[in-house]
Each structure stands twice: as structure tokens, then as C-alpha cells.
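The structure under discussion appears below in the form of C-alpha cells.
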Amino acid sequence: MAAQEDHAAEVTGVVKSFGRQAALQGVSLRLRRGEVYGLLGPNGSGKTTLIRCLLGLVKPDAGSVRVLGRLMPDLNVLSRIGYMTQTAALYPDLTVLENLRFFAAINGAEAHLTEALRFVDLEDRPDSVVATLSGGMRTRASLACAIVHRPELLLLDEPTVGVDPQLRRRLWDQFREMADGGTTLLISSHVMDEAERCQRLGLIRFGRLLAEGTVEELKEQAGVEKLEDAFLQLSAGEPR
Amino acid sequence: MKPRRVLAITRRIFAQFRHDRRTLALLFVVPLVILSLLYYLLRGGGGQPAVGVVNLDNGPLGAVVARQLESSSQVKASQIDLTTAQSRLRDDRLAGYIVLPTNFSSDALQQGVLRPEVHLEGSQPAQSGTVLQALSQSLLAALGTLPSQPGLRPPRLDLRVTYLYGGPQLDTLDYFGGAFIGLVVFFLVFVITCVAFLRERSQGTLERLMASPLRRGEIVLGYMLGFTILALIQAAEVLLFSLYVLKVHNSGSVLLIFAFEALMALSAVNLGIFLSMFARTEFQAVQFIPLVVAPQLLLSGVIFPVSSEPTWLQAVSRALPLTYVVDGLRDVMLKGADLSWAAIQLDAAVLGGFCVLMIVAAGATLRRRVA
Numbered sequence: 193m194a195a196q197e198d199h200a201a202e203v204t205g206v207v208k209s210f211g212r213q214a215a216l217q218g219v220s221l222r223l224r225r226g227e228v229y230g231l232l233g234p235n236g237s238g239k240t241t242l243i244r245c246l247l248g249l250v251k252p253d254a255g256s257v258r259v260l261g262r263l264m265p266d267l268n269v270l271s272r273i274g275y276m277t278q279t280a281a282l283y284p285d286l287t288v289l290e291n292l293r294f295f296a297a298i299n300g301a302e303a304h305l306t307e308a309l310r311f312v313d314l315e316d317r318p319d320s321v322v323a324t325l326s327g328g329m330r331t332r333a334s335l336a337c338a339i340v341h342r343p344e345l346l347l348l349d350e351p352t353v354g355v356d357p358q359l360r361r362r363l364w365d366q367f368r369e370m371a372d373g374g375t376t377l378l379i380s381s382h383v384m385d386e387a388e389r390c391q392r393l394g395l396i397r398f399g400r401l402l403a404e405g406t407v408e409e410l411k412e413q414a415g416v417e418k419l420e421d422a423f424l425q426l427s428a429g430e431p432r
Numbered sequence: 055m056k057p058r059r060v061l062a063i064t065r066r067i068f069a070q071f072r073h074d075r076r077t078l079a080l081l082f083v084v085p086l087v088i089l090s091l092l093y094y095l096l097r098g099g100g101g102q103p104a105v106g107v108v109n110l111d112n113g114p115l116g117a118v119v120a121r122q123l124e125s126s127s128q129v130k131a132s133q134i135d136l137t138t139a140q141s142r143l144r145d146d147r148l149a150g151y152i153v154l155p156t157n158f159s160s161d162a163l164q165q166g167v168l169r170p171e172v173h174l175e176g177s178q179p180a181q182s183g184t185v186l187q188a189l190s191q192s193l194l195a196a197l198g199t200l201p202s203q204p205g206l207r208p209p210r211l212d213l214r215v216t217y218l219y220g221g222p223q224l225d226t227l228d229y230f231g232g233a234f235i236g237l238v239v240f241f242l243v244f245v246i247t248c249v250a251f252l253r254e255r256s257q258g259t260l261e262r263l264m265a266s267p268l269r270r271g272e273i274v275l276g277y278m279l280g281f282t283i284l285a286l287i288q289a290a291e292v293l294l295f296s297l298y299v300l301k302v303h304n305s306g307s308v309l310l311i312f313a314f315e316a317l318m319a320l321s322a323v324n325l326g327i328f329l330s331m332f333a334r335t336e337f338q339a340v341q342f343i344p345l346v347v348a349p350q351l352l353l354s355g356v357i358f359p360v361s362s363e364p365t366w367l368q369a370v371s372r373a374l375p376l377t378y379v380v381d382g383l384r385d386v387m388l389k390g391a392d393l394s395w396a397a398i399q400l401d402a403a404v405l406g407g408f409c410v411l412m413i414v415a416a417g418a419t420l421r422r423r424v425a
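First to last, the sequence lines map onto chains A and B.
Using our numbering, the first residue of the first sequence is number 193, and each one after it goes up by one.
Using our numbering, the first residue of the second sequence is number 55, and each one after it goes up by one.
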């Protein structure tokens, strides 16, 4: 049990198909507590399906998923997980604070509203209606809703898509800060340069985890200078 | 103005319809269904009110009038005895019965007065009117068969009408009012719930809800509570406006009417959640309106009494929740029914059952769509 608790999440041999479309073809990975793990892969490679498996929203055809020591799906463990969807899924006709309070309430933790607002720099906009916010602010509000219940594991599905460079940098600083505070983060992305800020990376393509390791390890493995080349090199020759 | 650009838009619209088979079906199938329903309702032959004729006349005229009534195309008349007539009127199987008293003939011939008694069910003004009309035509026709006696004045009519419920002061609004109180609330609540729940899915927040410790039942119940409270406020407003501003007739308990509206709001909310699972876009959700509204408007007895429908259509009507709402509300408002009436108990039980069914169905489809 102690060995399992070292890992925030353990995915073992997960297979999932949607009809004839194979989304995951035997993926295994472990998230260590307090690390920032980057799930790197092109669109349609299975990143979102893997995240949804971690949440228990998708039932694998084969294999198992354990999160925070519990076999998924398990509703009780969900209050310890934060999840930020690809698009800023918020109620557009509610204010930032009303959204935040709602997501805090359904997770049973309404104590840290202002803290969450401050963390994403929205403490001066709590009463703005979400529909009137810019895209960047909406992303930040969405992040606040994902962390307001202080999750131990945070799953972020392409959080920086459509975000300007300044905000992207700021977001990554915050991810780092959370990891330093003991939160485990899984961040999916198809942008190579920002992946360099992860402690460990998993390269996923066609529903398979092709390689895993630190940025340096991956570059070394592929024998190239740049992460992008490493990704292309390591995924080359993989059959469909 | 470039025709090419105009045509580009037109062509794109056709392409969209080609991809949206459901809309096409709606466009071409639903009108035929609705018109066919109207055909069966209006030409199905079930439209005549049932009338009992109790002929007690010692003379010959009563039998003639009874025969005339039986051959009338406006009503479905049959000769029965008095006790049967009275019990059938209470059971809602007769729109009314006509008694031709023992000295009907002698009064007509000696005093020149026709004294038929008419006992009407009374809650449906249109049916009552039809019965009275059929009677006066039959009387005229009966008089025409008498051998003409020169110098004899045609007898005058001394009609005695009693009403089981309501009375001559009951007008069309009184009859439709009760049903429409139900109808209006049902459809507004249904549409709003359906679209609101669909938005939950399309804006991605449902995914977030499913990734939280919320249980499916909690989501459905939370929705139900929210929209039901809103619906109840609306129902109270509609009810008070109808009763006290429009002065729609009510002989029953206002609380009981409200209880029926509450049950109906509950089923509308859950029907909305359930059906929203089968729509991908708000456009498709709006299409449920004619699908849900039109058949219920025609078949739930709002406009045409269910008892006047052909038998196979009555079976369909019995499957629609609004039928029971309309029936219950009319019984309460026009007949002064209370909870001790078996008909009211049945209506309430069916509506309650429908609510439970919809809650279970909504919960089950929520799982199917997310997993």
C-alpha cells in the first residue's frame, strides 16, 4: 500500500476503443507525487481519453487505473482531483465568483474562494459575468474552478491552447508553484517548447506511450538537440 | 448583389439539411401526422355526445320524439330507463339524458305545451348545446309527423334543464381555462428545462460535473428542484390570474388545482431532462416542441374530449401525461371534485408514476451519454 501511495496515479495496460476507432492501445504510466508530468502528443493521439480514464469518465476495455490509491472509477476520490477541460467550461451567464462558488460547493470545499481568485489574478473581477471576459481571463477563471477545492492531483487538458505568451508563462509558473506545494500535475499539450518545463514527459501517439523520461533523457534517447526532433524521431516508423 | 453568393448560401442550407436527417423528418413527416390526427378527431365519427332517452310518456308522442332523437346525426341517442340514465350521467358516460314525462302527449295535445326534461352533465358547454339543439330538432320533426289538425296552434316549448355540474352560466373559457392552466405551464417548463440541460452539455460544464463527486441522481434531483420551484411560482401566478382576474369558473379546492399543477411541473421538468439527452444542439431541442406539444394538444382532451376519439386514439391519449392533468383539473374546477373521487386519485397516481418513470429514465440516460 505504501508503495502505491508514492504514486498519485497508476495506469496499467489501458486499452480503449470507440467503435472501430482505437483511442488507447495499452498505455501504462505512473505519476509520482508532486511532479509535473507532461503528456505530449499531436491532436487525436489519445491524450484526452487518457485523462478521462484517470477521472473514471471512460471505462477502459482492458487494464486498470488507480488514482490516489483507489481503483477507478470511484466517486469519492474525485473531490481530491482537479480537472480543467480543453475549453473553459464555465457557466457564461454567471459571474466569476458564482462559478467558483458552485464548483467549490459540488466538491464540498467552499473555504478557499478568495485564495483561488488571487492565485489566478482575478481578485479584482469576481463580479464580472463570464461571458464578458476575454479568452485569457476565462482560462484563468476555469483554472481557479479546477483548484478551488485544493486537489492533490490536477489534470489539465491543453490548458495553454489559445493563450498568449505572457499568460502562458504565468500559468506555467503557477503550475510549478502548485507542484512545489505538493500537488501532482498532469498537463497535456501538443506544444513542444512549453513541455520543457515539465519534470517528466510522456510521448503519446496513436494511443501508445512511445517514450517516457526527463527532457534530457528523451533527447539523449533520440540523439538529437531539440525536443521537437526527439518527438519526431521517436515516433517515426510507428505503425498506425 | 451577386447571384453566385446568394446561391452559395442556399446551397449550404441544403447541404446542412442533408446532414440533419432528423430535421428533414420533422419537416416532412410531422405535418402529415398532425393532419391525420385532426382527420381522426374531426371525422372519426366519435364526435357525437352520448344521450340517454327516458320515455315515460303514456301517449304516442314520446315514442315519436325518442325515435327522432335516435336517428339524429348530432347525438348518439339510445333509450334507457331512468336509474341507468342517472348513474351513467354520474359516470361521465352520458353528456345528458332527456326525460319525456308520463303526460308528455296529453300536455302537448290538450294544453299545447311540450314539457321535456333535460338533465345535462354540464361541464362541457359545447356538448350541452349540441344536446339541446338535437332535442329541439327532434321535437319539430316529431310534430311534423302528427296528422295536421286545422286551427290547432303548434305547441310551445316549456324546457326544463338541470345541470349536474356547472350550469348555463358556464362558458367556453370556463371549459378551456382549466385545461390551459395545465397546458401553458407544462410546455413552458418542458422547453426551458430541455434547453437548459442541453446547454450544460454543449458548454462543457456537464463534463466538469461528471468529473466531480456529484452523483447522477444528485444532478437530476438538483435540476428538478430548481426548475420545479420556478415552475410552481409560474403555476401559482397563472392559476391566480385565471381565477381572480379572468374569473374562470372553479368549484373545487384551489390547493388541489395547485397540487395537480405541481405534479405536472415535475413531470415536465423530468421529461425535459430526459429528452435533452437525445438532442445534440439547441436547434434539435427546439424540434422536440412540435413533437411533444402537437400530439398532446390534440390528444390530451384540451380541445376534443378524449371520450369522443376513436377507440385506438383513446389508447394513445391514455399514454400522455397531459391527458391526466387536463382530466384532473377539469374534474376539480368544473365538477368540484376532491381527493375522495376515484377519478382524481387515478389521475394523481398516473401523474406520480409518470414523474418517477421520467426521473429514472433521465438518470439512466445521463449515465449512457457520459460513460
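We treat Cβ as the ideally placed atom computed from N, Cα and C, and that holds for glycine.
Inter-residue distance for B:D385 and B:V167 is about 37 Å (C-alpha atoms, whole angstroms). DSSP places A:S381 within a strand segment (E or B) once states are collapsed to three. Secondary structure remark: continuous alpha helix (DSSP H) runs of at least 4 residues inside the stretch 301–355 of chain A, in chain order: 305–311, 327–339.
Going by DSSP, B:K130 is part of the beta strand (DSSP E) stretching over 130–133.
With respect to the 8 Å criterion, A:V340 and A:A308 are classified as neighbours on the basis of their beta carbons.
Between B:H303 and B:D228, the gap from beta carbon to beta carbon is short of 8 Å. Under a criterion of Cβ atoms nearer than 7 Å, no residue of chain B is adjacent to A:L260; the nearest Cβ is some 13 Å distant. Here B:Y219 carries a coil assignment [DSSP, helix/strand/coil].
Under the Cβ criterion (8 Å, minimum of three pairs), the stretch 72–82 of chain B does not count as touching the stretch 143–160 of chain B. In this model, B:V245 and A:E350 are separated by some 35 Å (Cα to Cα). Contact of B:T259 with chain A is assigned, a C-beta pair being separated by under 8 Å. Per the DSSP secondary-structure output, A:G405 pairs in a beta bridge with A:L393. If you draw a straight line from the Cα of B:D401 to the Cα of B:G232, it comes to about 15 Å.
Looking at A:P252, A:Q217, A:R212, A:G354, the one whose alpha-carbon comes closest to that of A:L402 is A:Q217. Residues of chain B with a Cβ closer than 9 Å to the Cβ of A:P343 do not exist, since the nearest Cβ in that chain sits about 11 Å away. Within the same chain, V249, L252, R253, S256 come within 8 Å of B:E336 by CB-CB distance, once the 5 residues on both sides are set aside. Separation of B:L95 and B:N112 (C-alpha to C-alpha, rounded to the nearest whole angstrom) is 40 Å. For the pair of segments examined, the stretch 114–134 of chain B was found not to touch the stretch 364–379 of chain B: the number of CB pairs separated by less than 8 Å stays below three. Not one beta carbon of chain B lies nearer than 8 Å to the beta carbon of A:I339.
In this structure, A:S256 lies away from A:L247, with their beta-carbon atoms at least 8 Å apart. Shown here, B:F241 sits in a helix according to DSSP, grouped into three states. Taking 8 Å as the cut-off between beta carbons, the residues of the stretch 260–291 of chain B near chain A are E261, R262, L263, M264, A265, S266, P267, L268, R269, in sequence order. In the assembly as shown, B:S127 is an exposed residue. Its beta-carbon has fewer than 16 other beta-carbons within 10 Å. Listed along chain B, the residues sitting closer than 7 Å to A:L270 by beta-carbon distance are A265, S266, P267. A:N299 belongs to the set of residues whose beta carbon lies under 8 Å from a beta carbon in chain B. One finds G258, E261, R262 in chain B with Cβ atoms closer than 7 Å to the Cβ of A:T277, taken in chain order. A:S256: not part of any alpha helix (DSSP H); member of the beta strand (DSSP E) spanning 254–259, first to last residue.
In the three-state reduction of the DSSP assignment, B:G166 falls in the coil class, being assigned neither a helical nor a strand state.
With at least 16 other beta carbons inside 10 angstroms of its own, B:S362 counts as buried. Counting only runs of at least 4 residues, the stretch 287–341 of chain B fully encloses the following alpha helix (DSSP H) elements, listed from N- to C-terminal order: 308–330. In the DSSP annotation of this structure, the continuous segment of the alpha helix (DSSP H) that includes A:L247 starts and ends at 239–247.
Counting only Cβ-Cβ distances below 7 Å, A:A281 has contacts in chain B at Q257, G258, T259, E261, R262, in chain order. Less than 8 Å divides the Cβ of A:L393 from the Cβ of A:E404. Excluding five sequence positions before and after B:V347, the CB atoms of its chain that fall closer than 6 Å to its own CB belong to F241, given in chain order. Taking C-beta separations shorter than 6 Å and ignoring five residues to either side along the sequence, B:S132 has no partners in its chain. Judged by DSSP in its simplified three-state form, A:G233 adopts coil rather than helix or strand.
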